[in-house]
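Chemist: Mind having a look at this structure? Questions to follow.
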Amino acid sequence: MGIKKHKLFKLLFKKEQESHYRSLFRLLPYVRPHWVYLLSSLLFIIFSSLSVLWLGYGLRRLIDKGFQSTEQLTSSVILLSFFVLLLGLSSYGRLYFVAQLGEKIAVSLRRSLFKKLIYLDANFYEQHMAGDLLSRLVHDTGAIQTFATNAVPLIIRNLIIAIGGIVLLYCSNLKLALIVTTSFPLVVIPLFISNQLIRFNRKKQQEGLDILSVQAEEVLSSIKTVQAFSQEALEEEKFNRALNKGTIYVQRQAKIRSLLALGVVIVGFGTIGLSVWVGGIDVISGVMTSGELTVFCFYSLAIAGSLGAMSEYWGDIQRAIRSTKRLIYLWEVKSLTPLVDLPKPLKKKAAEFHISFKNVSFFYPGRPHLPVLKNVSFDIPYGQTIAFVGPSGSGKTTIFELLMRFYDPVAGEILVGGQDIRTIPLLHLRNQMGLVSQECMVFSGSVYDNIAYGTKSPSRAQILEVSRMARVSEFVNRLPKKFESYIGQRGVSLSGGQRQRLSIARTLLKNAPILLLDEATSSLDAQQEAFVQQAVERLVVHRTTLVIAHRLTTVQKAERIFVLEKGKVAASGTHRELLKTSKIYKNLAALQFLDKEIEE
């Protein structure tokens, strides 16, 4: 039974090894387009490897014949110089083309990966941390670039030198060659064992780095909260704890590598020393020439150096394998809201874009026990302004997310213009909608670029007009470079209200037939809210507008208000109607001193 288990373990281990290395073949599609650089790299690698071996012949000629006459010395030096020049030129070509190839592969990988990431749905991003995805996009592709530019070329080069050197050793002196090659198992076996240990520790080290990256990104992106609660010391302690945990695996790797290097040096140079002693006796006896012994030592050192160098790059191979498998996961992950180019775009005019929810139910993926919407149904005629109010967690924002197909309902259907939105190409559907959310996201860049984001080639006059409507011009004109001013990552140099006005201007410019306003004026003071509300009122004409608001002052003029509670439509009507018929709405109004209208 024990033998069977042992055989099974070996079989599984072998299959695991094969699957590890097979994953590297998934990189071939990113290499093929750059075949010119690949072929050039291989040619220069071969020439640089052969140049090292040819140096041995040049040394032998110089020692055996170069000192017999001036002519022989000159010709030997010229020949040796030619080989050195050939080695230098081929090394230059190798380094140049390999670097170009590695960079192009890395660019292709990052381009492909980023394209995949930006089209994945919201569910994917709820289950994956941004820091981990950034690590894959930058560090894992960097590991593959290192593998392509360092490990692969040098392993090929050293393999050619090692094989060529062994062949030349046997051609030079069979007895000494046998002495050298019999020591190979003493190097290869420890090398194999140590590499398994290194791979395990490398994996743990990378996992630790991923955790560090995520932790640092989370803390630095929320630095104001950390400082506001005086948690700098705690976060520093947590970071150092994770850092120390990763250091353990680095120290283990260093110990393994050091012991391996020590063993290789002792075995390698011990073998060479024995060969020199045996060969020296043959030189004294006249069986060998001094040049033959010198070139034999040269090839032995070249072989030892090549084997040692290949062991150094084994860690890069393991890192590249792990990084490739992490990228494969992203390439193969499926979006729950697929970007399918279905042949059913909205062919109706904007005036026919009425919206219908029919018995829509929804829970977030992985949380079926927490339903967010339950059999929600309503119709929104085109051109009306509709508002959704209700306590936090009642499902208001989820309605927007379903309408824009960040998620699909688990039951029921959503229609736009009488067409199920799941049959409408996703990009086409979202192009019909303009969104201003609670979290007003702006991007690093200029004010102008942020307003133009989402609109193809807008004119400057259009930018200025929407800026005036959204009251953006008021603060932009105080900036050093006006609309060309850089506003920092996530608009860090702007206030919350300024970022919100910028977001409103962006949506105004998009000029979509359907507007989604999720707390669009939540970060504005009363005066600015009044100004922006006037702009929004002008904008909603001839458009379908859906508004979410906690402040009922922003929805009083809505033609219809839906009151949500626990994922259901509890009531609907105008502001005045709901004050009389809906207890929930009346309570919300009372909290905001709007219930006095009942008495009017």
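Residue numbering for the sequence shown follows the working numbering, beginning at 376 and increasing consecutively.
Ideal Cβ positions, reconstructed from N, Cα and C, are used throughout, including at glycine.
Using beta carbons (cut-off 8 angstroms, strictly below), is Glu-776 in contact with chain C?
Modeler: Here there is only one protein chain, and chain C is not present.
Chemist: Would the beta-carbon of Phe-763 fall within 8 angstroms of that of Phe-937?
Modeler: It is a contact, given that the beta carbons lie within the stated cut-off.
Chemist: With distances taken between CB atoms, is the gap from Gly-942 to Val-785 smaller than 8 angstroms?
Modeler: Cβ distance not < 8 angstroms, so Gly-942 and Val-785 don't count as in contact.
Chemist: Where does Asn-886 fall in DSSP's three states?
Modeler: In the structure shown, Asn-886 sits in coil (DSSP, three-state: anything other than H, G, I, E or B).
Chemist: Could you compute how far the alpha carbon of Thr-882 sits from the alpha carbon of Ala-845?
Modeler: Distance between the alpha carbons of Thr-882 and Ala-845: 10 angstroms.
Chemist: If you count every other CB in all the chains shown that lies within 10 Å of the CB of Leu-553, and 16 or more means buried, which is it?
Modeler: Leu-553 is exposed by the Cβ-count criterion.
Chemist: Put Val-751 into one of helix, strand or coil per three-state DSSP.
Modeler: In this structure, Val-751 counts as strand in the three-state DSSP scheme.
Chemist: Please classify Met-663 as buried or exposed, where buried requires at least 16 other C-beta atoms within 10 Å of its C-beta.
Modeler: When all chains shown are included, Met-663 counts as buried.
Chemist: Kindly indicate which residue of Ile-519, Asp-795, Ala-965 has the alpha-carbon position closest to the one of Val-482.
Modeler: Nearest C-alpha to Val-482: Ile-519.
Chemist: Quickly, what does DSSP pair Ala-946 with across the bridge? List them, please.
Modeler: The partner list for Ala-946 (beta bridge, DSSP) reads Val-938.
Chemist: Just verifying my parser: in three-state terms, what is the DSSP assignment at Val-427?
Modeler: Helix at Val-427.
Chemist: Roughly how many angstroms lie between the CA atoms of Glu-667 and Val-589, to the nearest whole one?
Modeler: Their backbone Cα atoms lie some 59 angstroms apart in a straight line.
Chemist: Three-state secondary structure (DSSP) at Asn-619?
Modeler: Looking at Asn-619 - three-state DSSP - the assignment turns out to be helix.
Chemist: Starting from Ala-933, follow the alpha helix (DSSP H) in both directions and report where the run begins and ends.
Modeler: Unbroken run through Ala-933: none, as it is neither H nor E.
Chemist: When we look at the beta-carbon of Lys-379 and count the other beta-carbons within 10 Å, is it buried (16 or more) or exposed?
Modeler: The predicted model places Lys-379 with a pLDDT of 44, which falls under 50 and marks its position as unreliable, so this point remains unresolved.
Chemist: Report buried or exposed for Ala-537, applying the criterion of at least 16 other Cβ atoms within 10 angstroms of its Cβ.
Modeler: Ala-537 comes out buried.
Chemist: Relative to the C-alpha of Tyr-467, which candidate in Phe-728, Ser-834, Ser-426, Glu-446 has its C-alpha closest?
Modeler: For the residues Phe-728, Ser-834, Ser-426, Glu-446, the minimum Cα distance to Tyr-467 belongs to Ser-426.
Chemist: Whose C-beta lies closer than 6 angstroms to the C-beta of Thr-760 among residues of the same chain, with five residues either side of it excluded?
Modeler: Cβ within range, chain order: Val-915, Thr-920, Ala-933, Glu-934.
Chemist: Can you tell me the Cα-Cα spacing of Gly-787 and Pro-743, whole angstroms?
Modeler: Cα to Cα, the separation comes out at about 16 angstroms.
Chemist: Buried or exposed for Thr-557, going by 16 or more other Cβ atoms inside 10 Å?
Modeler: Counting Cβ neighbours within 10 Å, Thr-557 comes out exposed, since fewer than 16 surround it.
Chemist: Do you know offhand how far Gly-765's Cα is from Lys-961's?
Modeler: For Gly-765 and Lys-961, the distance between alpha carbons rounds to 11 angstroms.
Chemist: Assuming Leu-810 is part of the beta strand (DSSP E), what are its boundary residues?
Modeler: Residues 808 to 811.
Chemist: With 16 other CB atoms within 10 Å as the buried threshold, where does Ala-964 fall?
Modeler: Under this definition Ala-964 is a buried residue.
Chemist: Quick one: residues in its chain with C-beta nearer than 7 angstroms to the C-beta of Asn-734, no 5 flanking neighbours on either side, listed in chain order?
Modeler: Correct list, in chain order: Asn-750, Ser-752, Ala-786, Gly-787.
Chemist: Please determine if the segment 809 to 828 and the segment 526 to 537 are in contact, where contact requires at least 3 C-beta pairs separated by less than 8 angstroms.
Modeler: As far as the Cβ criterion goes, the segment 809 to 828 does not touch the segment 526 to 537, which means the pair count is below three.
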